[in-house]
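Colleague: Below is a structure I'd like to ask you about.
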Amino acid sequence: MVRTGSRAIVLLWMGIAVTAAGALAGSPQYDPQQVYADLNPPPVEHAMPPGLAGDASKGLAIFNKTETGNCAACHCAAGAKGCGDIGPSLDKYRSALGAEPEKSDQWLFQQISDARLHNKDTVMPPMLPTKAIGAQDIVDLIAYLNSLK
Ligand code: HEC
Numbered sequence: 481m482v483r484t485g486s487r488a489i490v491l492l493w494m495g496i497a498v499t500a501a502g503a504l505a506g507s508p509q510y511d512p513q514q515v516y517a518d519l520n521p522p523p524v525e526h527a528m529p530p531g532l533a534g535d536a537s538k539g540l541a542i543f544n545k546t547e548t549g550n551c552a553a554c555h556c557a558a559g560a561k562g563c564g565d566i567g568p569s570l571d572k573y574r575s576a577l578g579a580e581p582e583k584s585d586q587w588l589f590q591q592i593s594d595a596r597l598h599n600k601d602t603v604m605p606p607m608l609p610t611k612a613i614g615a616q617d618i619v620d621l622i623a624y625l626n627s628l629k
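Residue numbers (the numbering used here): 481 to 629.
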């Protein structure tokens with residue numbers, strides 16, 4: 481009786497082992513790099529949608545708000561609540577850093593949407609892909625930055 485019982489258990493375990501091996505053989509290979517790539521889609525170009533008008537005062541509100549851009553956590557700028565120093569100061573942006581000719585509104589749209597296209601090692605978080613803020617918000621932020629002279 482004892483022998484029969486233990487034989488049954490051995491057979492049960494063998495059955496489980498064979499089923500598990502079959503399931504593993506049929507499943508795709510686990511590739512950690514693919515999992516990472518799926519979680520972190522590479523940066524893409526974002527074109528500024530035409531016809532959106534920017535509002536600088538709304539831009540300042542987004543700049544300051546923790547739940548949206550949270551830009552002030554890393555950047556200083558006129559009117560900013562707090563003054564983070566992880567990123568460069570954006571104070572007097574258009575006559576300072578932003579005076580460089582390539583820094584068009586489209587350049588800013590890309591920088592704010594997904595800064596990784598300008599610097600793959602940036603610590604500035606992608607905004608548009610995570611839907612933290614939308615295109616209209618970015619256009620408002622650009623209007624605000626353009627007002628800093
Ligand atoms: C976690 C910190 C962090 C946050 C949050 C952040 N930035 Fe940045 N930002 C940076 C860093 C660092 C740079 C410098 C460039 C680089 O390292 O990629 C930068 C660069 C920039 C530049 C380019 C300046 C220039 O002309 O060279 C702009 C414009 C800018 N940020 C705007 C924003 C706005 C607007 C927000 C909010 C939507 C924001 N940043 C949120 C860290 C941050």
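Backbone N, C-alpha and C define an ideal beta-carbon position, used for all residues, glycine too.
(1) Count Cβ pairs between the stretch 532 to 542 and the stretch 614 to 629 that sit closer than 8 angstroms; are there 3 or more?
(2) Could you tell me whether the Cβ atoms of Arg574 and Lys629 are closer together than 8 angstroms?
(3) Note the first and the last residue of the continuous alpha helix (DSSP H) segment covering Asp617.
(4) Can you tell me the Cα-Cα spacing of Cys556 and Ala517, whole angstroms?
(5) Taking DSSP as the reference, what is the three-state secondary structure of Leu608?
(6) When burial is assigned at 16 or more other CB atoms within 10 Å of the CB, is Asp594 buried or exposed?
(7) Going by the CB atoms, is the gap between Phe543 and Ala552 shorter than 8 angstroms?
(8) Given this structure, state the Cα-to-Cα distance separating Met481 from Leu519, to the nearest angstrom.
(9) Could you tell me whether any non-hydrogen atom of the ligand HEC is closer than 7 angstroms to the CB of Lys583?
(10) Given that a residue counts as buried once 16 or more other Cβ atoms are within 10 Å of its Cβ, and exposed if not, what is Gln591?
(11) Does DSSP put Gln577 in a helix, a strand or coil?
(12) With H, G and I counted as helix, E and B as strand and the rest as coil, what does DSSP make of Gln509?
(13) Measuring alpha carbon to alpha carbon, tell me which residue in Pro530, Gly564, Pro529, Ala558 is nearest Thr546.
Modeller: Put simply:
(1) At 8 angstroms Cβ cutoff, the stretches touch.
(2) Between Arg574 and Lys629, the gap from beta carbon to beta carbon is short of 8 angstroms.
(3) Unbroken alpha helix (DSSP H) run through Asp617: 615 to 626.
(4) When rounded, the distance between both Cα atoms is 33 angstroms.
(5) Note: Leu608 maps to coil in three-state DSSP.
(6) By the 10 Å Cβ count, Asp594 comes out buried.
(7) Cβ distance < 8 angstroms, so Ala552 and Phe543 count as in contact.
(8) Note on Met481: pLDDT 49, under 50, position unreliable in the model; the coordinate value appears next. Their backbone Cα atoms lie some 55 angstroms apart in a straight line.
(9) Judged by the Cβ position, Lys583 qualifies as a neighbour of the ligand HEC at the 7 angstroms threshold, a heavy atom of the ligand being closer than this.
(10) Note on Gln591: 16 or more other CB atoms within 10 angstroms of its CB, so buried under the neighbour-count rule.
(11) As written in the sequence, residue 577 is Leu, which differs from the Gln given in the question. Looking at Leu577 - three-state DSSP - the assignment turns out to be helix.
(12) Under the three-state reduction of DSSP, Gln509 is assigned to coil, being neither helix nor strand.
(13) Checked all of Pro530, Gly564, Pro529, Ala558; the closest Cα to Thr546 is Gly564.
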